[in-house]
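Undergrad:
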Amino acid sequence: MNQVIILSVIGVYLLFVLFLGAVAGRGRADSAVEYIAASRSLGFICMYFLMGGAIFSAFAYLGGPGWAYSKGAPAFYILGYCALGLVPWLVWGPKAQAAGQKFGYVTQAQLFSDRFQSRALSVIIAIVSTLAFIQYVSLQMKGSAYVFEIASDGAIPFWAGALIAYAVVLIYVFFGGVRGVAWTNVFQGAFMVITAWVLGLYFCYSLYDGPTDMFMKIIAAKPTHLLVGPGTKMSFAAYSTAVLVSVLGFTMWPHLFMKAYTADSRRTLRRTIVYYPTFAVMLIPVLLIGFAGILQVEPDVLGAPDRILPWMFTNMQFPAAAVGLVLAAALAAAMSTQDTITHAAGSIFAQDFISVLMGRPTSDAEATKIIRIFVVLFGLVSYLVTIFGGQTLVALLLGAYGSIVQLLPLAFATFFWPRATRQGALAGLVVGVCYNYAIAFKFAPKLWDINPGIQGLVLNIIFLVAVSYLTKPQDKDHVLKFVEL
Amino acid sequence: MSRDDYSLRFFASKVPPSRRPIITVFVLFFIAIILAQAFYFVFANSALPIVLGMPFGMFAVVALVIVEYVALLVMERVLYKDEQGEE
Numbered sequence: 013m014n015q016v017i018i019l020s021v022i023g024v025y026l027l028f029v030l031f032l033g034a035v036a037g038r039g040r041a042d043s044a045v046e047y048i049a050a051s052r053s054l055g056f057i058c059m060y061f062l063m064g065g066a067i068f069s070a071f072a073y074l075g076g077p078g079w080a081y082s083k084g085a086p087a088f089y090i091l092g093y094c095a096l097g098l099v100p101w102l103v104w105g106p107k108a109q110a111a112g113q114k115f116g117y118v119t120q121a122q123l124f125s126d127r128f129q130s131r132a133l134s135v136i137i138a139i140v141s142t143l144a145f146i147q148y149v150s151l152q153m154k155g156s157a158y159v160f161e162i163a164s165d166g167a168i169p170f171w172a173g174a175l176i177a178y179a180v181v182l183i184y185v186f187f188g189g190v191r192g193v194a195w196t197n198v199f200q201g202a203f204m205v206i207t208a209w210v211l212g213l214y215f216c217y218s219l220y221d222g223p224t225d226m227f228m229k230i231i232a233a234k235p236t237h238l239l240v241g242p243g244t245k246m247s248f249a250a251y252s253t254a255v256l257v258s259v260l261g262f263t264m265w266p267h268l269f270m271k272a273y274t275a276d277s278r279r280t281l282r283r284t285i286v287y288y289p290t291f292a293v294m295l296i297p298v299l300l301i302g303f304a305g306i307l308q309v310e311p312d313v314l315g316a317p318d319r320i321l322p323w324m325f326t327n328m329q330f331p332a333a334a335v336g337l338v339l340a341a342a343l344a345a346a347m348s349t350q351d352t353i354t355h356a357a358g359s360i361f362a363q364d365f366i367s368v369l370m371g372r373p374t375s376d377a378e379a380t381k382i383i384r385i386f387v388v389l390f391g392l393v394s395y396l397v398t399i400f401g402g403q404t405l406v407a408l409l410l411g412a413y414g415s416i417v418q419l420l421p422l423a424f425a426t427f428f429w430p431r432a433t434r435q436g437a438l439a440g441l442v443v444g445v446c447y448n449y450a451i452a453f454k455f456a457p458k459l460w461d462i463n464p465g466i467q468g469l470v471l472n473i474i475f476l477v478a479v480s481y482l483t484k485p486q487d488k489d490h491v492l493k494f495v496e497l
Numbered sequence: 835m836s837r838d839d840y841s842l843r844f845f846a847s848k849v850p851p852s853r854r855p856i857i858t859v860f861v862l863f864f865i866a867i868i869l870a871q872a873f874y875f876v877f878a879n880s881a882l883p884i885v886l887g888m889p890f891g892m893f894a895v896v897a898l899v900i901v902e903y904v905a906l907l908v909m910e911r912v913l914y915k916d917e918q919g920e921e
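If you're matching them up, the sequences are chains A and B in order. Quick note: to get my numbering, add 12 to the position in the first sequence (first position is 1). Quick note: to get my numbering, add 834 to the position in the second sequence (first position is 1).
Structure below.
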């Protein structure tokens, strides 16, 4: 009976979100600019929750407690990087927004391929982005699957839970476009924040005599759990480079970068950046949930550490309806990111891959159709990775950051270095991405436990600079129009 | 520096020279915050004391987040106080 109530509450929530997202696109122009960039009309509240929902995902809501539970202090990196992630956007966000308005871009690759006059760059960026997106969506689906599995006490197996999440998001992305994503994220964002704080503080005070008592007991049981470095679960180098690759790569994610094109003004963009650290503060109770679980359940009983939040809640004798609401909040976290990424992946595929290979712009109807077909296929591949992949949620994301951060030198060169050439850009990107994957697949050594993305980034920059100086500069008027934005 | 060369340009020419030093200060400050977050263990790799219910390392990370947020608010006020909306 309890499972029926829990699943019913989740079902009602999903139907509501589906309805909200699907109607968002009604009465709007059926164009790529509307579908991809909401006709550049989103205000501050929508932007704030759109960007916040992107990070307040299964990674933060489930993976964060999972890391707090299993690794301890290394989970602090999530707070730091979430707060700082948009700060680099202060530098190129307004320029990207201006470029979008002035030159009509709707994707990140359009900006870079125009600056460097390279169609190949557009195709490479589309491929790199899609591969990283698959990992990112996969972790969201994994999170959703854990929720359903625990909510149903195993009646909904992992594969079915992931499939439900895939199907619901597919429907409202399919019909609503980015406006559908924005509307649902506002709702889901508020929902997640409220439940995070209620739960986090509740566990500290119901299972212990408050957070101080909880941490003192953890220190007594596991003296090194709240430290990083030698003898702990994460080395100094791994921690610091995880923060750096995440902060530097955050706004390089195409789905976040291209949100610059959706803002109605530079001021909206800037206000979103200024208030963004508040989302990091909202993550504090989420980590508390993971810490609270350390002395409540053994790892071999829990299984995957990312299950700690739904496990804690379903094993604490809460009313079934409350359990359903909280698990719906966890689903909200996963789906609010999955939808953003799914939408972006489809847009990038149509604009930066198909359109470029065809050698002509696609019509609005063609673009929207291609996006919708790709969204189905992309989700399917991500679903298969979800089912057959074995990494934790945080590990999946850190791996994806390794390739995405390779786009950073392109952004810097576009807006600040006129001397960068097409050949330099291509060389840097290809070398950086390939070296990152070489480390990930163990063809190259991971030097001194430094994040593979950072190692690739160093090589990327070296090749960008060296090859640029060895090749002929591009037309001055052309490159300066990006610097002067 | 000639405006016709290909060298690094941290500011578009439309950014008034009087604003550039203050922008530079903020950029350097935020770089310092990023490095402080990445290397927090240099000065706060300790579980004790527990401050505001958080182990000291976690408190340090949260404190840096708050410092960053305040700095962003100050930056918005200092650099864009005359802005009236859509540029």
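Yeah, the Cβ is synthetic: ideal placement off N, Cα and C, and Gly gets one too. Fair warning: this is a prediction, and the values are worked out from it, not measured in the lab.
Identify, in the order they occur along the chain, each residue of the same chain with its Cβ nearer than 6 Å to the Cβ of V445/A, setting aside the five sequence neighbours on each side.
TA: Correct list, in chain order: V140, S415, Q418.
Undergrad: Using 10 angstroms around the beta-carbon of I865/B, count the other beta-carbons present and answer buried if the total reaches 16, otherwise exposed.
TA: With fewer than 16 Cβ atoms within 10 Å of its Cβ, I865/B is classed as exposed.
Undergrad: If you follow the alpha helix (DSSP H) that I857/B is part of, which residue opens it and which one closes it?
TA: Taken as a continuous stretch (DSSP letters only), the alpha helix (DSSP H) holding I857/B covers 854-872.
Undergrad: Please classify G315/A: is it buried, with 16 or more other beta-carbons within 10 angstroms of its beta-carbon, or exposed?
TA: It counts as exposed.
Undergrad: Beta-carbon of Y60/A versus every beta-carbon of chain B: anything under 8 Å?
TA: Not an interface residue.
Undergrad: Mind pulling the chain A residues with CB within less than 7 Å of F877/B?
TA: In chain order: nothing, as chain A lies at least about 13 Å away.
Undergrad: Please state the DSSP three-state secondary structure of M888/B.
TA: Note: M888/B maps to strand in three-state DSSP.
Undergrad: Does any residue of chain B bring its CB to less than 8 Å from the CB of V255/A?
TA: Yes, because at least one Cβ of chain B sits closer than 8 Å to the Cβ of V255/A.
Undergrad: At which residues does the alpha helix (DSSP H) containing T352/A begin and terminate?
TA: Run containing T352/A: 332-360, per the alpha helix (DSSP H) assignment.
Undergrad: Helix, strand or coil for A275/A, going by three-state DSSP, please let me know.
TA: In the structure shown, A275/A sits in a strand (DSSP, three-state: E or B).
Undergrad: Can you list, in chain order, the residues of its chain with a C-beta nearer than 7 Å to that of F186/A? Leave out the 5 residues immediately preceding and following it.
TA: Hits under 7 Å: R384, V387.
Undergrad: What does F863/B reach in chain A if we use C-beta pairs closer than 9 Å?
TA: Result: empty, since nearest Cβ-Cβ is about 10 Å, beyond 9 Å.
Undergrad: Work out the CA separation of I176/A and L337/A for me, nearest whole Å.
TA: Going by the C-alpha atoms only, they are around 17 Å apart.
Undergrad: Among the residues of its own chain, which have a CB less than 6 Å from the CB of K107/A, if the five just before and after it don't count?
TA: So the list reads F427, L497, once near-sequence residues are dropped.
Undergrad: Report the option in K381/A, A85/A, F248/A whose CA atom is closest to the CA atom of F873/B.
TA: Checking every option, the nearest Cα to that of F873/B belongs to F248/A.
Undergrad: Would you say G166/A lies against chain B (beta-carbon separation less than 8 Å)?
TA: Cβ-Cβ to chain B under 8 Å: no for G166/A.
Undergrad: Suppose you measure from the CA of T142/A to the CA of S480/A; what does that come to, to the nearest Å?
TA: Straight-line Cα distance between these residues: approximately 27 Å.
Undergrad: Excluding the 5 residues preceding and the 5 following L343/A in the sequence, name in chain order all residues of the same chain whose CB lies nearer than 6 Å to its CB.
TA: Answer for L343/A: S156, V159, listed in chain order.
Undergrad: Do you know whose CA, among K915/B, Y914/B, M909/B, lies nearest V99/A's CA?
TA: Closest by alpha carbon: M909/B.
Undergrad: On the DSSP letters alone, give me the boundaries of the alpha helix (DSSP H) that Q109/A sits inside.
TA: 101-115 is the extent of the alpha helix (DSSP H) around Q109/A.
Undergrad: Can you check which of these residues, A332/A, E378/A, P266/A, R279/A, is closest to D916/B by C-alpha distance?
TA: The shortest C-alpha separation from D916/B is found at R279/A.
Undergrad: How big is the Cα-Cα spacing for I868/B and V491/A?
TA: Straight-line Cα distance between these residues: approximately 30 Å.
Undergrad: Can you give the Cα-Cα distance for F845/B and P855/B, rounded to whole angstroms?
TA: Approximately 11 Å between the Cα atoms of the pair.
Undergrad: Considering only residues of the same chain and omitting the five flanking positions on each side of P457/A, which have a CB-CB separation below 8 Å?
TA: Excluding residues within five positions, the ones whose Cβ falls inside 8 Å are I451.
Undergrad: How would you label D489/A, buried or exposed, when you count the other beta carbons within 10 angstroms and need 16 or more for buried?
TA: Counting Cβ neighbours within 10 Å, D489/A comes out exposed, since fewer than 16 surround it.
Undergrad: Can you tell me whether DSSP reads A41/A as helix, strand or coil?
TA: With a pLDDT of 48 at A41/A, under the threshold of 50, the modelled position of this residue cannot be trusted; read the value that follows with caution. DSSP places A41/A in coil when its eight states are reduced to three.
Undergrad: Exposed or buried, which one is A377/A when buried takes at least 16 other CB atoms within 10 Å?
TA: Counting Cβ neighbours within 10 Å, A377/A comes out exposed, since fewer than 16 surround it.
Undergrad: Compare the C-alpha of V885/B against each of D487/A, H355/A, M226/A and name the closest.
TA: The shortest Cα separation from V885/B among D487/A, H355/A, M226/A belongs to M226/A.
Undergrad: For chain A, check one thing: does any of its Cβ atoms lie closer than 8 Å to the Cβ of A866/B?
TA: Closer than 8 Å: no.
Undergrad: Counting only C-beta atoms, is R434/A closer than 8 Å to chain B at any point?
TA: Output row for R434/A: interface = no.
Undergrad: Given a cut-off of 8 Å on the beta-carbon distance, is the pair G358/A and Y81/A in contact?
TA: Contact: no.
Undergrad: So if I threshold CB-CB distances at 8 Å, which residues from the segment 882-895 of chain B count as touching chain A?
TA: Here the close residues are L882, I884, G887, M888, P889, G891, M892, V895.
Undergrad: Secondary structure at Q308/A, three-state DSSP: helix, strand or coil?
TA: Note: Q308/A maps to coil in three-state DSSP.
Undergrad: Please confirm if F88/A has its CB atom under 8 Å from at least one CB of chain B.
TA: At least one chain B Cβ lies under 8 Å of F88/A.
Undergrad: Terminal residues of the continuous alpha helix (DSSP H) containing K915/B?
TA: Segment: none, K915/B is in no alpha helix (DSSP H) and carries neither H nor E.
Undergrad: Would you say R854/B faces chain A, with C-beta separation under 8 Å as the test?
TA: For R854/B, the answer is no, since every Cβ of chain A falls outside 8 Å of its Cβ.
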